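J.:
Number of protein chains: 2
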Amino acid sequence: MNPVDYYTEKFYIDYSRVYPNRKIKYPELANILQITAANHADFCGLGFDDLQHNKQAWVMNRIRIEIDTLPELNDEVTIDTWLELLRVPKSIRNLEIKKEGKKLVGVSSLWAVFNTERRRPEALKIDADHLKIFTDLHATSLENNKIETPESFQKVAEYQVKLSDLDVVNHVNNIQYLTWCLDTLSKEEVLERSIAVLEMNFLKELSYQKIIHIEQYRQEHELYLRIRDEQFIYFVARITYQ
Amino acid sequence: MNPVDYYTEKFYIDYSRVYPNRKIKYPELANILQITAANHADFCGLGFDDLQHNKQAWVMNRIRIEIDTLPELNDEVTIDTWLELLRVPKSIRNLEIKKEGKKLVGVSSLWAVFNTERRRPEALKIDADHLKIFTDLHATSLENNKIETPESFQKVAEYQVKLSDLDVVNHVNNIQYLTWCLDTLSKEEVLERSIAVLEMNFLKELSYQKIIHIEQYRQEHELYLRIRDEQFIYFVARITYQ
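Chains as they are written, first to last, in the UniProt record's numbering: chain A, 1 to 242; chain B, 1 to 242.
(1) Select from Q52/A, R93/A, G101/A the residue whose C-alpha is nearest the C-alpha of I35/A.
(2) Using a C-beta to C-beta distance shorter than 8 Å, which residues of chain A count as neighbours of R118/B?
(3) Is any heavy atom of the ligand HEM found at a distance shorter than 7 Å from the C-beta of D165/A?
(4) When you compare only the Cα positions, how much space is there between H130/B and C44/B?
(5) Under three-state DSSP, which class holds F202/A?
(6) Taking a contact to mean a Cβ-Cβ separation below 8 Å, would you say Y236/A touches Y217/A in this structure?
(7) Alpha carbons only, please: which of R118/A, L70/A, N39/A is nearest the one belonging to N54/A?
(8) In whole angstroms, what separates the C-alpha of S186/A from that of L142/B?
(9) Tell me which residue opens and which closes the beta strand (DSSP E) that I212/A is part of.
(10) Going along chain A in order, which residues have a C-beta closer than 7 Å to the C-beta of I214/B?
(11) Run through chain B and tell me which residues come within less than 9 Å of P27/A, C-beta to C-beta.
(12) On the DSSP bridge assignment, give the partners of W82/A in chain order.
(13) Going by DSSP, name the residue or residues bridged to K102/B.
(14) Using a beta-carbon distance below 8 Å, is P3/B in contact with chain A?
(15) Mind listing the chain A neighbours of L182/B? Cutoff is C-beta to C-beta under 8 Å, in chain order.
(16) Under the DSSP definition of a beta bridge, which residues are partnered with S108/B?
(17) Is it right to say T135/A is buried, meaning 16 or more other beta carbons lie within 10 angstroms of its own, or is it exposed?
(18) Can you list, in chain order, the residues of its chain whose CB lies under 7 Å from that of T179/B, leaving out five sequence neighbours each side?
(19) Between the alpha carbons of Y241/B and T116/A, how many angstroms are there, rounded?
(20) Consult DSSP for R17/A and reduce its assignment to one of helix, strand or coil.
(21) Using a threshold of 8 Å, state whether the C-beta atoms of N31/A and S16/B are closer than that.
(22) Report buried or exposed for Q231/A, applying the criterion of at least 16 other Cβ atoms within 10 angstroms of its Cβ.
(23) Over the uninterrupted alpha helix (DSSP H) stretch that includes T179/A, give me the two end residues.
(24) Measuring straight from C-alpha to C-alpha, what distance separates D107/B and G47/A?
(25) What does the alpha-carbon distance come out to for the pair I233/A and E215/A?
(26) Is any beta-carbon of chain A found at less than 8 Å from that of I35/B?
(27) Considering A30/A, what are the terminal residues of the alpha helix (DSSP H) in which it resides?
(28) Look up K125/B in the DSSP assignment and say whether it is helix, strand or coil.
(29) Please say whether I211/B and E158/B have beta carbons closer to each other than 8 Å?
(30) Between which two residues does the alpha helix (DSSP H) harbouring K187/B extend?
(31) Any Cβ of chain E within less than 8 Å of the Cβ of R218/B?
(32) Is there contact between the segment 6 to 23 of chain A and the segment 71 to 85 of chain A, where contact requires at least three CB pairs shorter than 8 Å?
(33) What number of angstroms, rounded off, separates the C-alpha of R87/B from the C-alpha of L137/B?
(34) Can you tell me whether A123/B is buried or exposed? The criterion is at least 16 other CB atoms within 10 Å of its CB, across all chains shown.
(35) Spatial neighbours of R193/B within its chain, please: C-beta separation below 6 Å, excluding the five flanking residues on both sides.
(36) By the three-class DSSP mapping on this structure, what secondary structure does F114/A have?
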């Protein structure tokens, strides 16, 4: 298929991307998915620098990651990606991680165009009509979705945003939300329990030195994680264990 | 030159590796250098999995990074690496980052072989006689060195090691030491002052949940950073500004 429409990227899982159990760190899994999305956008003329001419950038709103097998140290994986929807100001992007042709991970993600000066969503100012949309080609059993949260969360940690959390958009990089949340769990829980589905909703951006707290709510096979302050909820995640 | 002896790796500086000023994050700079070192070792039959047959791994003791120009967002760089010394149990490895043939960064690093069960240095158990050593080919104006520290450090932060800090060797990944230290500086200092030389000494490994504190000592063009607890010093860095 035409790489402008259906794009493939290769990744080698080096030692810096894995936990002590040799499996990819979940935030690194999110990272290689997002790098693939960014590189596909670049390749289509809709990348960070293209959008910056109009003070715009893509930001991720939601992601649903269905994990069959986690990539491991020294694996060579491919990530395929394509658009399922591109309708102002939203875009649904699917991704599949494969190893030797076998699907390991399927992803549905929702993106919006964001004005980096006004810090709010707006319509894409570049024409994207040349892109093929694969309306019926899904990578997951369910689409990315708004996570409905229970009421009874428990505060487990407090955190202040550091320079190392920021990326080129001058806000906290997506993968840091997940990093902070997973760091509130025990090492055993992260390394030994298998995650079947990881869903994340990015509700609001976070900037340098902001103080937030992290909350958990636990059910038998589900763990909800939330980042908030007194005023806003910034991030919600739901982990469904196998 | 033979890639077994003189090895080259390409890196694309994607958005996840840069600060808001579009320049590579210093810990990511250290990361791509270490990934290159690890991949060269793999390629020579002296990689992580090769050494693990004997419960061994390479660990970095010292690094001296001389920065002429920092790689930036969307740069394609090459990293060349070669051995200057390989004498039990130590190895000196040099690296050069180039963009379009122009040298941006030169590096001298010192490594030791480490027993991952006994957690201490020992002689390499794999024969490495096939490797060519470039005794006279330097990448830096001065060799990596022991950092002599002043006495009057000031404590600036406390930190507890988190799961996300660990790598496959089940200890804190090298780049995290630098991340924690730089996070104690102001955003302006990190993004606006140009570092000419970054030297790091890794003195002792750190494990999960350990509590350490971070110290600074400042001179006009030099900044010393140190990680310690009541008993040990784990890490010392010296930043020389331009």
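Where is the CB? At the ideal position from N, CA and C, for every residue including glycine. Treat the numbers as computed from the prediction; the structure is a model and nothing was measured.
T.: On the basis of the coordinates in this document:
(1) R93/A
(2) Those do not exist, as R118/B stays about 17 Å from chain A at its closest Cβ, beyond 8 Å.
(3) Among the components modelled here there is no ligand, and therefore nothing to report on the ligand HEM.
(4) 9 Å
(5) strand
(6) Checking the sequence shown, residue 236/A turns out to be Val, not Tyr. No.
(7) R118/A
(8) 44 Å
(9) 211 to 218
(10) Those within 7 Å of I214/B in chain A number zero; the least Cβ separation is about 12 Å.
(11) S164
(12) N94/A
(13) K99/B
(14) no
(15) L163, S164
(16) R64/B, N94/B
(17) exposed
(18) P27
(19) 31 Å
(20) helix
(21) yes
(22) exposed
(23) 174 to 182
(24) According to the sequence shown, residue 107/B is Val rather than Asp. Computed Cα separation, rounded: 32 Å.
(25) 11 Å
(26) yes
(27) 26 to 43
(28) coil
(29) yes
(30) 187 to 192
(31) The chain inventory of the structure shown lacks chain E, comprising the protein chains A and B.
(32) yes
(33) 17 Å
(34) exposed
(35) Y241
(36) strand
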